[in-house]
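Student: Every position in the sequence shown, counted from 1, becomes a number in the numbering used here once 4 is added.
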Amino acid sequence: MARVKRAVNAHKKRRVILERASGYRGQRSRLYRKAKEQVTHSLVYSYRDRRKRKGDFRRLWIQRINAAARQNGMTYNRFIQGLGLAGVQVDRRMLAELAVNEPATFVSLVETAKKALPSDVNAPKSAA
């Protein structure tokens, strides 16, 4: 079996790790072992936070919708319930966008939700 010389592959592997670690502070950007640990952790954080970002944006949209709905005399909960009963299928991202950039359109959606809600809060839902 032929002898395998690892110098080129080993140097490439280390160079790739150190390139990814450029910009880190201290030893984490200069020493291979520390850089490798930090790059591994960074990849874990990136993976986790790409998923977390989706929830963060949803929370932001809900806060914006709630604030705009309260300015129009409704809570977020009742607003979403009213939209559901009215059959309006607009997602939270678009509702938040309308609340910020097109308040007049949002007000019309609030009115639609108010009309769809029963006057008696405890009334049973109609069979649809």
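Built from N, CA and C at the ideal position, the CB exists for glycine as well.
Remember, predicted model here, so these are calculated numbers, not experimental data.
Quick one: measure Cβ to Cβ for ALA120 and PHE83, integer angstroms, because I've assumed they're closer than 8 Å.
Tutor: Reading the sequence shown from its first residue, position 116 is the one you call residue 120. Reading the sequence shown from its first residue, position 79 is the one you call residue 83. Going by Cβ atoms, the distance from ALA120 to PHE83 rounds to 10 Å, so no, they are not a contact pair.
Student: Go ahead and label GLN42 buried or exposed: buried means 16 or more other beta carbons lie within 10 angstroms of its beta carbon, across all protein chains shown.
Tutor: Taking the sequence shown and counting its residues from 1, the one referred to as residue 42 is at position 38. Buried.
Student: Looking at C-alpha atoms only, which residue of LEU87, GLY88 and ALA73 is the closest neighbour of ALA108?
Tutor: Locating residue 108 in the sequence shown gives position 104, where the first residue counts as 1. Closest by alpha carbon: ALA73.
Student: Where ALA90 and ARG96 are concerned, what is the direct C-alpha to C-alpha distance, given to the nearest angstrom?
Tutor: As a working note, residue 90 is residue 86 in the sequence shown. As a working note, residue 96 is residue 92 in the sequence shown. Straight-line Cα distance between these residues: approximately 16 Å.
Student: If you measure between the beta carbons of ARG29 and LYS38, is that distance less than 7 Å?
Tutor: Start at 1 with the first residue of the sequence shown, and residue 29 comes out as number 25. Start at 1 with the first residue of the sequence shown, and residue 38 comes out as number 34. Not closer than 7 Å, so no.
Student: Look at the Cβ atom of ILE69, then the Cβ atom of ALA103, and state whether they are nearer than 7 Å.
Tutor: Indexing the sequence shown from 1 puts residue 69 at position 65. Indexing the sequence shown from 1 puts residue 103 at position 99. Their beta carbons are under 7 Å apart, which means ILE69 touches ALA103 by this criterion.
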